[in-house]
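K.L.:
Residue numbers (the numbering used here): 4 to 626.
#1: Quick one: residues in its chain with C-beta nearer than 7 Å to the C-beta of residue 542, no 5 flanking neighbours on either side, listed in chain order?
#2: Pull up the CB-CB distance for residue 606 and residue 556, whole angstroms please, since I reckon it's below 8 Å.
#3: Taking contact to mean at least 3 C-beta pairs separated by less than 8 Å, is the stretch 416–433 in contact with the stretch 452–470?
#4: Give the secondary structure of residue 81 by DSSP, where H, G and I count as helix, E and B as strand, and everything else as coil.
#5: Applying the 10 Å Cβ sphere with the 16-neighbour rule, what's the burial state of residue 548?
#6: Considering only residues of the stretch 149–196, which uninterrupted alpha helix (DSSP H) runs meet the minimum length of 4 residues and lie entirely inside it, listed in chain order?
#7: Flag this pair as yes or no: are the beta carbons of residue 46 and residue 149 separated by less than 7 Å?
#8: Flag this pair as yes or no: are the beta carbons of residue 35 and residue 81 separated by less than 7 Å?
#9: Are the C-beta of residue 225 and some C-beta of chain B separated by less than 7 Å?
#10: Hey, could you find the ends of the alpha helix (DSSP H) residue 456 is sitting in?
#11: What's the C-alpha gap between residue 459 and residue 225?
#12: Have a look at residue 485 and residue 467 and give me their C-alpha separation to the nearest angstrom.
#13: What's the gap between the Cα of residue 439 and the Cα of residue 594?
#14: Between 546, 608 and 140, which has its C-alpha nearest residue 570's C-alpha?
#15: So what does residue 564 bridge to, in DSSP terms?
#16: When the Cα of residue 496 is compared with those of 415, 546 and 487, which residue comes out closest?
#17: Of the residues 28, 223, 197 and 239, which one's Cα is nearest the Cα of residue 144?
#18: Check for me: the beta strand (DSSP E) holding residue 593 runs from which residue to which?
#19: Find the nearest neighbour of residue 391 within the set 409, 404, 385 and 403, judged by alpha-carbon distance.
#20: Could you tell me which residues DSSP puts in a beta bridge with residue 408?
#21: What's the C-alpha gap between residue 68 and residue 83?
#22: Using CA coordinates, which residue listed in 539, 558 and 441 is at the minimum distance from residue 552?
#23: Taking buried to mean at least 16 other C-beta atoms within 10 Å of its own C-beta, is residue 528 buried or exposed?
#24: List the whole-angstrom C-beta distance separating residue 77 from residue 12, where the pair is believed to meet the contact cut-off of C-beta under 8 Å.
#25: Below 8 Å on the Cβ atoms is my contact criterion, and I expect residue 189 with residue 140 to pass it. Report the Cβ-Cβ distance as a whole number of Å.
#26: Can you check which of these residues, 479, 63, 421 and 171, is closest to residue 446 by C-alpha distance?
#27: Let's see if you can read the secondary structure: which residues bound the alpha helix (DSSP H) around residue 65?
#28: Only counting the same chain, and skipping five residues up and downstream in sequence, which positions put a Cβ closer than 6 Å to that of residue 498?
#29: What does the Cβ neighbour count give for residue 21, buried or exposed, with the cut at 16 atoms within 10 Å?
#30: How about the stretch 50–59 and the stretch 174–187: do they share at least three Cβ pairs that are nearer than 8 Å?
#31: I need the boundaries of the beta strand (DSSP E) containing residue 520, first residue and last residue.
#32: Could you round the C-beta distance between residue 473 and residue 436 to whole angstroms and report it? I think they count as a contact, below 8 Å.
#33: For residue 166, which residues from the same chain have a beta carbon less than 7 Å from its beta carbon, with the 5 sequence-adjacent residues on both sides left out?
#34: Looking only at C-alpha atoms, which of 585, 85, 44 and 598 sits nearest to residue 32?
#35: Going by other Cβ atoms of all chains shown within 10 Å of its Cβ, with 16 needed for buried, is residue 290 buried or exposed?
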């Protein structure tokens with residue numbers, strides 16, 4: 004995410020690309036671009052060569068994808084290749100500097116138009132403490148910039164610690180030590196940044212900075228940090244700094260610069276797109292099937308690509324990739340940073356239960372024709388929807404412009420993941436905690452939703468102790484874990500979720516984000532939106548973790564059955580609610596309930612693959 008980078012391709016798409024499916028290859032490259040750009044851009048500190056290194060990385064991804072033995076490991080492989088290209092660039096830069104020391108200033112100055120710290124502040128609309136963290140990264144040692152690019156993405160949920168370790172060729176324990184040292188450097192730099200910005204400022208700081216040229220550097224960080232540490236005035240300024248990890252939670256990837264996709268490489272032009280690089284990295288490793296040399300990290304060695312062209316991929320990217328990149332660029336979410344009800348709504352009952360593991364494929368007539376117009380790209384990586392199978396479900400999902408979806412299970416049988424979107428698996432109840440289901444969940448992506456409404460007999464129906472006992476098996480997947488999604492009472496002291504979170508902390512269990520459901524019984528738009536906001540704010544204030552709102556709509560539950568507002572009322576609520584959610588930086592994702600619209604499911608978005616309801620049209624426009 005998430006942001007744009009969170010829509011990395013699922014295993015099925017990678018497999019199709021390896022087998023020569025041209026559109027799948029375009030989608031894989033387009034979905035990979037935001038993550039590659041963020042790693043390279045931050046590691047190179049916005050140097051003018053960022054776009055070139057991104058292009059070189061994608062050339063290698065295209066060429067060496069057939070040599071990837073485990074499609075489920077695609078993301079780790081992608082990150083390793085990206086870091087290898089960063090290191091190759093750094094080696095070439097140092098060689099050039101040694102050859103002509105007079106060019107030092109040219110090679111070390113970031114492109115003012117692409118400075119990553121500045122762009123992070125500008126494009127993500129960061130407020131004070133997050134802005135200070137971004138500014139503090141300018142003061143890091145050069146060798147820590149590569150680590151920073153990976154750790155930042157780990158904290159924002161894009162990659163895992165194991166993937167960081169694999170990319171760096173280190174053990175997780177060694178990575179933890181390096182990250183701890185780097186965080187200490189950022190923390191001292193935050194104190195420097197705050198002292199330099201203070202108005203009125205420290206009367207003694209001017210004397211310390213008299214010879215400083217105003218350019219952040221590790222040397223001046225150390226000098227100024229000593230003053231901040233020893234000065235009563237400056238030290239007091241840093242007494243209210245929040246933990247860095249908390250400030251980074253929920254940030255999206257930095258948006259792609261306009262036009263980056265216009266220069267994407269074509270596999271048809273290897274010599275022009277990626278000239279051979281000097282072999283400066285780790286020793287070449289064993290040659291996999293297909294004759295493509297690899298390095299120790301699993302990525303391709305730097306070889307003459309014109310000679311070592313793997314076979315099996317369609318030799319052209321061209322317009323398909325460019326269009327996909329444009330779609331990803333448009334899907335970037337810029338979140339504000341303003342973390343600021345009684346839980347009275349009852350939950351839905353039967354629909355999710357019946358579709359936890361859909362198995363019926365759409366009928367042939369429901370499948371989109373090859374002549375059908377291409378569905379619009381996802382309008383936001385945050386915007387999602389709950390999906391169960393129905394005629395035309397795949398086309399409806401694509402037309403919804405959702406950035407992610409889930410099916411209350413670990414698979415999406417009969418439902419195709421559209422361009423720019425991602426599937427999120429769920430372990431729905433205790434009976435789904437099996438080796439097979441956990442393996443599917445691990446392969447499906449970096450996030451895992453867990454136990455659906457355990458506080459209801461007709462849903463997961465679990466005790467807090469049962470959920471806590473099973474939790475280590477979910478942690479073992481390595482996925483980012485959402486809390487069990489309670490039907491109500493999220494912030495209530497001694498409620499189901501409160502007792503679970505207390506027990507998880509006591510046992511040392513990891514919970515990465517809070518998952519919630521909310522259904523409004525008051526059909527007045529302003530009142531419903533206010534009640535939803537109050538509920539989310541109360542939950543956030545209690546647990547201080549990012550929130551995923553995975554079911555919400557206006558539905559009044561009672562003994563006589565479910566009551567729904569008019570389509571116009573539901574659409575007005577959806578529009579106002581999603582606008583409000585966009586103002587809460589701690590709400591990482593949301594999912595409407597749900598995609599299909601029937602006489603029973605009158606909050607649904609599509610009656611078939613192409614016919615959107617009034618509510619569906621509001622959802623298409625939402626961000």
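In this text, a Cβ means the ideal position worked out from N, Cα and C, and glycines have one as well.
P.N.:
In short:
#1: 493, 494, 517, 519 and 550
#2: 4 Å
#3: yes
#4: helix
#5: buried
#6: 164–171
#7: yes
#8: yes
#9: No chain B is part of this structure, which consists of one protein chain only.
#10: First-last for residue 456: undefined, no H or E at that position.
#11: 56 Å
#12: 15 Å
#13: 26 Å
#14: 608
#15: Answer is none; residue 564 lacks a bridge partner.
#16: 546
#17: 223
#18: 590–595
#19: 409
#20: 388 and 426
#21: 13 Å
#22: 539
#23: buried
#24: 7 Å
#25: 6 Å
#26: 479
#27: 53–67
#28: 492
#29: buried
#30: no
#31: 517–523
#32: 5 Å
#33: 78, 79 and 82
#34: 85
#35: For residue 290, the predicted model reports a pLDDT of 31, less than 50, meaning its position is unreliable and no value from the coordinates is stated.
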